[in-house]
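Using our numbering, the first residue of the sequence shown is number 45, and each one after it goes up by one. Written out below as structure tokens is the structure these notes cover.
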Amino acid sequence: MASGAGGGEASTWQPQEDGLREICGLLEQQMAPTSDDKSMIWQRLQHYSQFPDFNNYLAFILARAEGKSVEVRQAAGLLLKNNLRTALKTMPPSNQQYIKSELLPCMGAADRQIRSTAGTIISTFVQIGGVGGWPELLHALVKCLDSNDVSHMEGAMDALSKICEDAPQVLDSDIPGLSERPINAFLPRFLQLFQSPHTTLRKLSLGSVNQYIMLMPTVLYLSMDKYLQGLFVLANDPSPEVRKLVCAAFVQLIEVRSAVLEPHLRNVIEYMLLVNKDTDEEVALEACEFWSAYCEAELPPENLREFLPRLIPILLSNMAYADDDESLLEAEEDGSLPDRDQDLKPRFHSSRFHGSEDVEDDDDDIVNVWNLRKCSAAALDFLSNVFGDEILPTLMPIVQAKLSSTGDEAWKDREAAVLALGAIGEGCINGLYPHLSEIVAFLIPLLDDKFPLIRSISCWTLSRFSKYIVQGISHKEGHDQFDKILMGLLRRILDDNKRVQEAACSAFATLEEEAAEELGPRLDIILQHLMCAFGKYQRRNLRIVYDAIGTLADAVGGELNQPKYLEILMPPLIAKWQQLSNSDKDLFPLLECFTSIAQALGTGFSQFAQPVFQRCINIIQTQQLAKVDPVSAGAQYDKEFIVCSLDLLSGLAEGLGPGLESLVSQSSLRDLLLQCCMDDAYDVRQSAFALLGDLARVCPVHLHSRLPEFLDVAAKQLNTAKLKDTVSVANNACWAIGELAIKVHKEMSPVVLMVVSCLVPILQRPEGLNKSLIENSAITLGRLAWVCPELVSPHMEHFMQPWCIALSMIRDDIEKEDAFRGLCAMVRTNPSGALNSLVFMCKAIASWHEIRSEDLHNEVCQILHGYKQMLKNGAWEQCMSALEPPVKDRLLKYQVQ
Numbered sequence: 045m046a047s048g049a050g051g052g053e054a055s056t057w058q059p060q061e062d063g064l065r066e067i068c069g070l071l072e073q074q075m076a077p078t079s080d081d082k083s084m085i086w087q088r089l090q091h092y093s094q095f096p097d098f099n100n101y102l103a104f105i106l107a108r109a110e111g112k113s114v115e116v117r118q119a120a121g122l123l124l125k126n127n128l129r130t131a132l133k134t135m136p137p138s139n140q141q142y143i144k145s146e147l148l149p150c151m152g153a154a155d156r157q158i159r160s161t162a163g164t165i166i167s168t169f170v171q172i173g174g175v176g177g178w179p180e181l182l183h184a185l186v187k188c189l190d191s192n193d194v195s196h197m198e199g200a201m202d203a204l205s206k207i208c209e210d211a212p213q214v215l216d217s218d219i220p221g222l223s224e225r226p227i228n229a230f231l232p233r234f235l236q237l238f239q240s241p242h243t244t245l246r247k248l249s250l251g252s253v254n255q256y257i258m259l260m261p262t263v264l265y266l267s268m269d270k271y272l273q274g275l276f277v278l279a280n281d282p283s284p285e286v287r288k289l290v291c292a293a294f295v296q297l298i299e300v301r302s303a304v305l306e307p308h309l310r311n312v313i314e315y316m317l318l319v320n321k322d323t324d325e326e327v328a329l330e331a332c333e334f335w336s337a338y339c340e341a342e343l344p345p346e347n348l349r350e351f352l353p354r355l356i357p358i359l360l361s362n363m364a365y366a367d368d369d370e371s372l373l374e375a376e377e378d379g380s381l382p383d384r385d386q387d388l389k390p391r392f393h394s395s396r397f398h399g400s401e402d403v404e405d406d407d408d409d410i411v412n413v414w415n416l417r418k419c420s421a422a423a424l425d426f427l428s429n430v431f432g433d434e435i436l437p438t439l440m441p442i443v444q445a446k447l448s449s450t451g452d453e454a455w456k457d458r459e460a461a462v463l464a465l466g467a468i469g470e471g472c473i474n475g476l477y478p479h480l481s482e483i484v485a486f487l488i489p490l491l492d493d494k495f496p497l498i499r500s501i502s503c504w505t506l507s508r509f510s511k512y513i514v515q516g517i518s519h520k521e522g523h524d525q526f527d528k529i530l531m532g533l534l535r536r537i538l539d540d541n542k543r544v545q546e547a548a549c550s551a552f553a554t555l556e557e558e559a560a561e562e563l564g565p566r567l568d569i570i571l572q573h574l575m576c577a578f579g580k581y582q583r584r585n586l587r588i589v590y591d592a593i594g595t596l597a598d599a600v601g602g603e604l605n606q607p608k609y610l611e612i613l614m615p616p617l618i619a620k621w622q623q624l625s626n627s628d629k630d631l632f633p634l635l636e637c638f639t640s641i642a643q644a645l646g647t648g649f650s651q652f653a654q655p656v657f658q659r660c661i662n663i664i665q666t667q668q669l670a671k672v673d674p675v676s677a678g679a680q681y682d683k684e685f686i687v688c689s690l691d692l693l694s695g696l697a698e699g700l701g702p703g704l705e706s707l708v709s710q711s712s713l714r715d716l717l718l719q720c721c722m723d724d725a726y727d728v729r730q731s732a733f734a735l736l737g738d739l740a741r742v743c744p745v746h747l748h749s750r751l752p753e754f755l756d757v758a759a760k761q762l763n764t765a766k767l768k769d770t771v772s773v774a775n776n777a778c779w780a781i782g783e784l785a786i787k788v789h790k791e792m793s794p795v796v797l798m799v800v801s802c803l804v805p806i807l808q809r810p811e812g813l814n815k816s817l818i819e820n821s822a823i824t825l826g827r828l829a830w831v832c833p834e835l836v837s838p839h840m841e842h843f844m845q846p847w848c849i850a851l852s853m854i855r856d857d858i859e860k861e862d863a864f865r866g867l868c869a870m871v872r873t874n875p876s877g878a879l880n881s882l883v884f885m886c887k888a889i890a891s892w893h894e895i896r897s898e899d900l901h902n903e904v905c906q907i908l909h910g911y912k913q914m915l916k917n918g919a920w921e922q923c924m925s926a927l928e929p930p931v932k933d934r935l936l937k938y939q940v941q
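This is the structure we're talking about:
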């Protein structure tokens, strides 16, 4: 077969009949529905791909195999496209030239599928190699667009639309040998095609221009009026696909180029109101995105205000379930039916993080399919946050009318009204608050409605008011209402409907977070319901029960540590723990749940600790072996097992404290942990350094023998060009170094200066780094200075200013005390090192509300007095005059002025 390549010019290449017949045969076999052995066919195709001219054959079949079915020709083209991604860089130029020369005529092929496949391959060529090396392509595209032959125009537009989608910047770049950027030639032609009588050409040309809104090449900026005129013409296009693209254009423009829409804004809003009711749901959905985009762009609310009385009823109308919404089918499903594997959504464990930044949970509706209903609810949520109570006079009469509609056929309207109340729960709370007890009193009976989707949405809407419901507990009426909601949600947790179970558990977890210690007196009944659900649920919702139990443990803390509660809680969890194998992914949420319980119970968890600890060690060992030898390990590698196990060990360290020491001493944890600290997966390293810091706190003696290695690998996390990509790993490594420092003291000496040299750049250039990393860097630097002042203080003038700025941002706590002990130790060792930064140091000291440690307070006083005596001839007064009055006032408590 290879002999056909011949090494000559592209135009002389000819396929050999045998090779052609065999490849076509394989492609036909591969597509046959009865074909049993797809892998054998695939292997033979792979075998052919070793030949240098195999891709020439595929191009020939696509372009010239007239006797073959369109499906076979298309299959050849798609295989060619996939091969290009790996083979193009090494493909001989003559073969590249041959393939390109065969593709260009395909753009005008009579069959649309052939044209489309050619367009896909052309776009792939352009993505990989640009257009500079293929001048004939640009010439051919322009020629096709100007030809007035519909097939050629469509073929060219198909290729261009794919290039504009996949690599728009290629056409908006300077190309050697061309007098102007390609987009300058194409964009006027695209705009011209807006007027084409052919739907496909209108759709492809509009879609192509829309791809440039973000990049905004000069030619589009200068043609903006013509583009907007074109959009208004296409706004009433008979094709829903075109109308959808018009809406998408307005949404993108309002997001990134709102100024160009300002003169036309009233017309655009009028149009969006109209198409928000379009009979085609995809058009209506695209139009509905406009309202959220407008609010997010923080544009003047007054431009939208007068339209609210017309917009809000449309949104409410679109919030009712569509007849074909898949949730309607799911809601019919029996809760006792086992889940299929495809029902189990992927779950993501977030690695342990030591710092001040909490990541907010997204409490989006439960099933993540975006549709008009959810988009409308999101728009209402945005509008309520922008306009607040102003929307209530329009909204509430409609909501009340829908809520009072009776009869089974009106259930979707009632459900949409409950969704609307939840959507405005944050933005309109001031106006709703005086009526909240009435609203809640209305919602509570809906928890028992006959329609499951009304029961589930009532759970969600009540959870949106959790914060305010908990605030009302102090008076009797609020207290009674809280109990009714709690019991109502617990009843729904035991609902027979899976969708309701899921909504109730999620709502209950939200309520738990707000209620915290208020749950203490009700723990008995809560645990009984949760453990009953634990026995009843199928696999998918079981994960949510684990989450609710974990959230409960976080909320009530040590209150859980009573035999009567542990007797309800632990036996079912331990039975499940014993039932699951070390390679069962259902173990993840259980490991997370145990982490929260271990932290809540503290030393009360010690009776369960040994088997839990040992299993975590076994899982980590198995996974580390599976990484190199899955057969011996008897498991496929999955790093999430390691991450969850490390985090549970951290939970044990936090809960048991020094009580963990006996377990660590008899295990291989130290060596396993060092391996995890060097893992190539950043989330494994993130959790490993969190555990390193936790072990440093409770049993540092067991880290001693490998301390230099731990410190070396931790310091490396701070000294990386990709710091912003792995900031959470650096954050935990930095924290762990500080925890080790205050335990091992002078043993830090060999690495102190290397670590300091990594921390200083973080403090000097904090832009774009997260708050926690900067705080941890400042604290760790202080801890190193405290244990080794003689090593750190000679360098202090290089970092005092940024360090003091960072220290002044940290809240009062024990870690801040440690950092200031380091500050005092350095100043005592090298007083002149801080002279140039004295103003910054005074501001850092003034950032304390109160230094609780008496000896540290006294040390700070001595240092300030020392500088006051040291600075003669008005220098101290000059320093003080540079401070703002509030800072000076706060320094008074250190008896200096």
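Glycine included, every Cβ here is placed at the ideal spot set by N, Cα and C. Source: prediction; values computed, not measured.
Within a Cβ cutoff of 8 Å, which residues of the same chain sit near residue i, ignoring the five residues on either side of it in sequence?
i    : result
P752 : P794, V795
D190 : R233
K247 : S283, E285, V286, L289
N192 : none
What would DSSP say about residue i, mapped onto helix, strand or coil?
i    : result
N874 : coil
N100 : helix
N311 : helix
N605 : coil
D917 : Going by the sequence as given, residue 917 is Asn instead of Asp. Correct three-state label for N917: coil.
N415 : coil
N541 : strand
F884 : helix
Y590 : helix
R41  : Lying before the first or after the last residue shown, residue 41 is absent from the chain, which here runs from 45 to 941.
M363 : coil
T764 : coil
K932 : helix
L266 : helix
N814 : coil
P805 : helix
C868 : helix
F334 : helix
Give every residue of the same chain whose Cβ lies closer than 7 Å to the Cβ of residue i, excluding the five residues on either side of it in the sequence, and list them in chain order.
i    : result
S925 : none
S852 : K887, A888, S891
From what residue to what residue does the alpha helix (DSSP H) around residue i run?
i    : result
A153 : Unbroken run through A153: none, as it is neither H nor E.
Y911 : 898-914
C778 : 771-788
T639 : 631-645
A454 : Note, A454: premise wrong, no alpha helix (DSSP H); not H, not E.
K673 : Rather than Lys, the amino acid found at residue 673 in this sequence is Asp. D673 -> no alpha helix (DSSP H), and no H or E assigned at all.
Y512 : 510-515
W86  : 82-92
L491 : Element bounds for L491: n/a, residue is neither H nor E.
Measure the beta-carbon distance from residue i to residue j and round it to whole angstroms, keeping in mind my assumption that it falls under 8 Å.
i    : j    : result
L235 : L245 : No, L235 and L245 are not in contact; Cβ-Cβ is about 12 Å, not under 8 Å.
L124 : L148 : Not a contact, Cβ separation roughly 14 Å.
E819 : A850 : 7 Å
L289 : G251 : 6 Å
D738 : S694 : 5 Å
Skipping 5 residues on each side, what residues in its chain have a beta carbon closer than 6 Å to that of residue i?
i    : result
L463 : M363, A421, I501
So is residue i in contact with chain E if we call contact Cβ pairs under 7 Å?
i    : result
N662 : In summary, chain E is missing from the structure at hand, where a single protein chain is found.
Legend entry - the segment 172-185 in contact with the segment 212-221 per 3-pair CB rule at 8 Å: With a cut-off of 8 Å, the segment 212-221 and the segment 172-185 count as touching, because enough Cβ pairs lie within range.
Inset, instruction - Count the CB pairs spanning the segment 897-910 and the segment 852-864 that are closer than 8 Å, and state whether there are at least three. - result: Touching, yes.
Inset, instruction - Inspect the CB distances between the segment 708-720 and the segment 759-767 and report whether three or more fall short of 8 Å. - result: Contact between the segment 708-720 and the segment 759-767 is absent: fewer than 3 CB-CB pairs across the two stretches fall below 8 Å.
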